[in-house]
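First up is the structure itself, then whatever we jot down about it.
In my numbering, the protein residues as written are 13 to 630.
Here is the structure:
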């Protein structure tokens, strides 16, 4: 039976809950200043009333979400003080931790927790997508303990207030916040109708923020302005891929792709990566090579398909596979995949490697550096087992040490660069952090991966296989260390050179040549299809790229990320096209440009590229 001390009136408990979550809103508002720091000075000057009214109303609203959806229903059902207190403490603490995590995600990548993030956090082998030091977990545990203690005493105070304070005060507080809330909503609706890029940009800074839009209504009232024609639908299409049946010849050469997750050219030199650097002297070296994405999922997609990364959702659900992988299978190639982290998360096993899904599991090992070491050994064992009459092989070695950046322990490992962190201290990163020690850690991991790659290449040559093998060495995307001074660290955050440009080596047993033109991952499949299988179809039948050796100038590059897509022009200027049908223009250093500079012609050409493989409706 319930104790009389715990069974109290619903009104008192509901009032206590209101004051409890009102006090917690102070913590949410303090947290909001982490987001506020990313609002530009121009936006602050242009729209100060909107900014602060949205900040206040939105974060108070977030603080009260647990009150509305958890506390109130359970309090009405139970009338139990202890139950209400536990619900209040737990839901509010968890909410604060979620938004604290989101604030760190936003500070590094400029997007909030979304479906893609949740898929990686909760999907298969999630522990290999995000590898953290034990220090991070300890800090999280201490924070949770501190919050629960604070919330316990906050509820005791709130309950006292509920017994003593009149309802009139509660009504006044509600009235004030509702006034601020509606001011922010209507201000945003007016701003969107008038293309106010500052106010629209402010909204992107706050989590789960989707204020009122009333474009049609305001336009009919004559209060709106013409907008740039940004209309697209990225999912639910059928595809004609390839456009025509490919005509090919028998392939005889092997293919070895050595892909490093998150490889920035800053780590590619004779000191950091001596083995790969020496190998570049025997290869075609592409000095201005871009991935088609700033993330692994569509970085690998553009590398193996030569198609826009925005096709990912449909190609995943329809299990469409690359013409390159299809042709390898058709011609009896021995396909062997050696991924460090699982390729089930992101689910490359659902499109790129769908026919080889059984090879997409992670290599044995707790840490990325251990898995990288093991996968290189596994590949060496594979080539040792080959006989003169073996079929040609295609192998992918996908290294993860540069992405994980957890320093190796034992086995005679000695870091080349100092001072350096031993693990990524994400909690310390902001736009004022000195990158030296973090960058030195990154270079140390590149040096470690270089040793493994050097062993692979040496053994390949010793076995007499190198001359008959096309070898590609590159990254799925790059890695930024606040290069632009905007507080970006890592990848998936922007389309600047710092997150897209990767080293690229192409060895085909021809004399070394350096290429300085703008090449991209889209160009790899056309080159391999020509060099391996002498395909006679035009490239446009199966890719939006061209031959790597085609030095004709590239006008723009189609790129994508988890929250949208866009294009980069020859000068490095960036046009961001978000999935909420808004846009943002930036220069090569991520400084915001005026919307009047929107390049409608290139936008139309970009959409024509994307729609090029859509199946025509009868």
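Built from N, CA and C at the ideal position, the CB exists for glycine as well.
- The straight-line gap separating the alpha-carbon atoms of residue 72 and residue 321 is approximately 37 angstroms.
- The Cβ atoms of residue 306 and residue 510 lie no closer than 7 angstroms to each other.
- Assignment of residue 619 by DSSP, reduced to helix, strand and coil, places it in the helix class.
- In the structure shown, residue 417 falls within a coil segment according to DSSP collapsed to helix, strand and coil.
- Residue 534 is positioned such that its CB atom lies closer than 7 angstroms to that of residue 557.
- The Cβ atoms of residue 170 and residue 380 lie no closer than 7 angstroms to each other.
- Between the stretch 282-299 and the stretch 487-504 there are fewer than three C-beta pairs closer than 8 angstroms, too few to call the two in contact.
- 484 is the residue among 617, 484 and 521 whose C-alpha sits nearest the C-alpha of residue 270.
- For residue 173, the three-state secondary structure derived from DSSP is helix.
- Separation of residue 424 and residue 460 (C-alpha to C-alpha, rounded to the nearest whole angstrom) is 11 angstroms.
- Separation of the CB atoms of residue 567 and residue 587 is rounded to 13 angstroms, and the pair is thereby denied contact status at 8 angstroms.
- When the beta-carbon positions are compared, residue 163 and residue 104 come within less than 7 angstroms of each other.
- Beta-bridge annotation (DSSP): residue 269 is paired with 408 and 484.
- Assigned with DSSP and collapsed to three states, residue 353 falls in coil, not helix or strand.
- Counting only residues of its own chain and dropping the five nearest sequence neighbours on each side, residue 559 has a CB closer than 6 angstroms to the CB of 538 and 539.
- In this structure, residue 82 keeps its C-beta atom at 7 angstroms or more from the C-beta atom of residue 36.
- At the C-beta level, residue 392 and residue 471 come within 7 angstroms of one another.
- Taking a C-beta distance under 7 angstroms as the contact criterion, residue 268 and residue 349 do not qualify as a contact pair.
- As a beta-bridge residue in DSSP terms, residue 531 pairs with 301.
- For residue 325, the secondary structure class from DSSP, reduced to helix, strand or coil, is helix.
- Its Cα nearest to that of residue 315, the residue 531 stands out among 550, 561 and 531.
- In the DSSP annotation of this structure, the continuous segment of the beta strand (DSSP E) that includes residue 587 starts and ends at 586-590.
- Residue 367 and residue 529 have their C-alpha atoms some 34 angstroms from each other.
- At a Cβ-Cβ threshold of 7 angstroms, residue 357 and residue 136 count as neighbours.
- Within the same chain, Cβ atoms closer than 7 angstroms to the Cβ of residue 262 are found at 343, the five residues on either side in sequence being excluded.
- Residue 188 sits exposed, since fewer than 16 C-beta atoms from the chains shown fall within 10 Å of its C-beta.
- Per DSSP, the beta bridge partners of residue 502 are 492.
- Residue 597 carries a strand assignment under DSSP once its states are collapsed to helix, strand and coil.
- Following the DSSP letters along the chain, one finds residue 131 inside the alpha helix (DSSP H) bounded by residues 127-134.
- When Cβ pairs closer than 8 angstroms are counted between the two stretches, the stretch 59-73 is seen to touch the stretch 180-198, the count reaching three or more.
- Taken through DSSP and simplified to helix, strand or coil, residue 560 comes out as coil.
- With respect to the 7 angstroms criterion, residue 419 and residue 434 are classified as neighbours on the basis of their beta carbons.
- The residues 197, 198, 200 and 201, in chain order, have a CB closer than 7 angstroms to that of residue 224 in the same chain once the five nearest residues on each side in sequence are set aside.
- For residue 619, the closest of 608, 412 and 589 by C-alpha to C-alpha distance is 589.
- Residues 120, 121, 491 and 492 of the same chain have their beta carbon placed closer than 7 angstroms to that of residue 502, with the five preceding and five following residues left out of the count.
- Contact between residue 275 and residue 571 is absent: CB atoms are separated by about 17 angstroms, not below the 8 angstroms threshold.
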